[in-house]
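Residue numbers (this note's numbering): 312 to 381.
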């Protein structure tokens, strides 16, 4: 699985990334890992947050809830 929080922190089944500090930690061992190894996932999470921001900014959830194009 994958969960991205509003503050940019994300986690999957193996690691957690703390956006504020830029740290990646192994969920099993707590070991700090190299963020460069997760650059693609970090970029994906940033994209998800940008899309979420746009959806909120343009009130797109209203369209899904009502089924209208207003």
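Note that beta-carbon positions come from the ideal geometry of N, C-alpha and C, so glycine has one too. Here the structure is a predicted model, which means the values were calculated and not measured.
Shown here for residue 321: same chain residues with a beta carbon closer than 6 angstroms to its own, the five before and five after excluded, namely 315, 328, 356 in chain order. If you look at residue 337, you'll find it in the beta strand (DSSP E) that goes 334–337. Here the stretch 332–341 makes no contact with the stretch 362–373; the two share fewer than three CB pairs at distances below 8 angstroms.
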